[in-house]
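Below: one structure, written as structure tokens.
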Amino acid sequence: MNNLSSYSDLKKYGENILRDAGVSEFENDALLSILRVFNIDRAYLFLHMNDKLIDKEKEIDEYLQIIDKRKQRIPLQHIFGTCDFYGYEFEVNENVLIPRMDTEVLVEKTLEVVSKMHKKNDGLHKNESIKILDMCTGSGCIAISLYKELEKMGCKAEVDAVDISKDALEVATSNANKNNAKINFILSDLFEYVNHNKYDIIVSNPPYIRTSDIKDLEIEVKKHDPLLALDGSEDGLKFYENITDKAKEHMIDDGFLLYEIGFDQGRDVKEIMLKSDFKEIEIIKDLAGLDRVVVGRS
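Be aware that the sequence shown starts at 1, since it is given in UniProt numbering, and climbs by one per residue.
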């Protein structure tokens, strides 16, 4: 298109196309597509927004192809094939849930719990490995981020990660290799094939969308995220109940169980954990002020 001769032209074109297609993040997606295709950062873009693009026909064509795919409501992460989470890059496809920024709250809280355990058990980080289980790992973003961050803290960690999907574990294994994280992946229906005696921490972002609510999700989610990673049964609580019921069999006496939850599930998940005699249960809010994480001590 001859009239697309600057970054500004491309940005406006992309925004208009995506807005008309009903993409809620049309401005951000057009911007990110430009940064990706032209391999530039935001500062460069805004300094050179109106510069003439010389000998950039290949990049312009690639950008237009991305916009065309995005207007079909294919997630940008699937178009790129990658997603950033907690400062690390992860491969994503239709076999795994795209990592969300909200889930970073779960990682942050888990790291905070580890730090407290270090202080309580002086020398743990020097002489022992902290044992962590990531249940329903998907892309592996939680397990891998925890491993890498604990490594930075000088903490030895043994991290197991479970998923029922072989396809998801293939993605997770690739992500672990790419990020140089030593994760033991286990193909299992929850705890069925988990043989480790005792974990210090069990962390999980399980499927928690109510079955009846899935039809109302954005097209990007209900058509491109795997249903297996979304459907939490009729009340959205099935996996919290099943994991909590067996968790203590796989935890040390003073271990911690942490969940990501839906914004309206804090009270219900707290009750589930109380029924299994978890203590010191805390509900953590995300940056939007919504309930996002529940943590309890065994």
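We put the beta carbon where it would ideally sit given N, CA and C, even for glycine. Everything numeric in this text was worked out from a predicted model, so none of it was measured.
So, with DSSP's three-state summary, where would you put residue i?
{"i": "residue 244", "result": "helix"}
{"i": "residue 158", "result": "strand"}
{"i": "residue 237", "result": "coil"}
{"i": "residue 110", "result": "helix"}
{"i": "residue 199", "result": "strand"}
{"i": "residue 262", "result": "coil"}
{"i": "residue 50", "result": "coil"}
{"i": "residue 175", "result": "helix"}
{"i": "residue 278", "result": "coil"}
{"i": "residue 254", "result": "strand"}
{"i": "residue 125", "result": "The predicted position of residue 125 is uncertain, since its pLDDT is 46 and thus under 50; a value taken from the coordinates is nonetheless stated next. Reduced to three states, the DSSP call for residue 125 is helix."}
{"i": "residue 141", "result": "helix"}
What do you reckon, are the CB atoms on residue i and residue j nearer than 7 Å?
{"i": "residue 136", "j": "residue 206", "result": "yes"}
{"i": "residue 5", "j": "residue 64", "result": "no"}
{"i": "residue 112", "j": "residue 86", "result": "no"}
{"i": "residue 184", "j": "residue 91", "result": "no"}
{"i": "residue 115", "j": "residue 66", "result": "no"}
{"i": "residue 282", "j": "residue 297", "result": "no"}
{"i": "residue 109", "j": "residue 269", "result": "no"}
{"i": "residue 18", "j": "residue 70", "result": "yes"}
{"i": "residue 243", "j": "residue 204", "result": "yes"}
{"i": "residue 272", "j": "residue 241", "result": "yes"}
Going by C-alpha to C-alpha distance, which of the options sits closest to residue i?
{"i": "residue 208", "options": "73, 293, 16", "result": "293"}
{"i": "residue 254", "options": "278, 71, 243, 50", "result": "278"}
{"i": "residue 218", "options": "295, 17, 75", "result": "75"}
{"i": "residue 274", "options": "25, 245, 291, 289", "result": "245"}
{"i": "residue 94", "options": "265, 264, 165", "result": "165"}
{"i": "residue 10", "options": "171, 68, 60", "result": "60"}
{"i": "residue 195", "options": "173, 272, 178, 160", "result": "160"}
{"i": "residue 289", "options": "27, 239, 102", "result": "102"}
{"i": "residue 182", "options": "152, 153, 171, 148", "result": "148"}
When the Cα atoms are used, what is the spatial distance from residue i to residue j?
{"i": "residue 251", "j": "residue 45", "result": "50 Å"}
{"i": "residue 248", "j": "residue 78", "result": "37 Å"}
{"i": "residue 31", "j": "residue 120", "result": "46 Å"}
{"i": "residue 56", "j": "residue 38", "result": "9 Å"}
{"i": "residue 140", "j": "residue 49", "result": "37 Å"}
{"i": "residue 98", "j": "residue 236", "result": "19 Å"}
{"i": "residue 83", "j": "residue 89", "result": "6 Å"}
{"i": "residue 125", "j": "residue 16", "result": "Summary for residue 125: the model assigns pLDDT 46, below 50, so the residue's position carries little reliability, and this model does not support an answer."}
{"i": "residue 199", "j": "residue 143", "result": "14 Å"}
{"i": "residue 128", "j": "residue 29", "result": "44 Å"}
{"i": "residue 155", "j": "residue 180", "result": "16 Å"}
{"i": "residue 20", "j": "residue 211", "result": "29 Å"}
{"i": "residue 201", "j": "residue 285", "result": "20 Å"}
{"i": "residue 51", "j": "residue 73", "result": "30 Å"}
{"i": "residue 191", "j": "residue 223", "result": "29 Å"}
{"i": "residue 13", "j": "residue 25", "result": "14 Å"}
{"i": "residue 220", "j": "residue 68", "result": "15 Å"}
Report the CB separation of residue i from residue j in whole angstroms; it is logged as a contact under 8 Å.
{"i": "residue 157", "j": "residue 186", "result": "The Cβ separation is near 16 Å, so there is no contact."}
{"i": "residue 214", "j": "residue 189", "result": "Wrong, their Cβ atoms sit about 21 Å apart, outside the cutoff."}
{"i": "residue 150", "j": "residue 107", "result": "In fact, because the Cβ distance is near 11 Å, the residues do not count as touching under 8 Å."}
{"i": "residue 96", "j": "residue 229", "result": "7 Å"}
{"i": "residue 138", "j": "residue 163", "result": "6 Å"}
{"i": "residue 80", "j": "residue 36", "result": "6 Å"}
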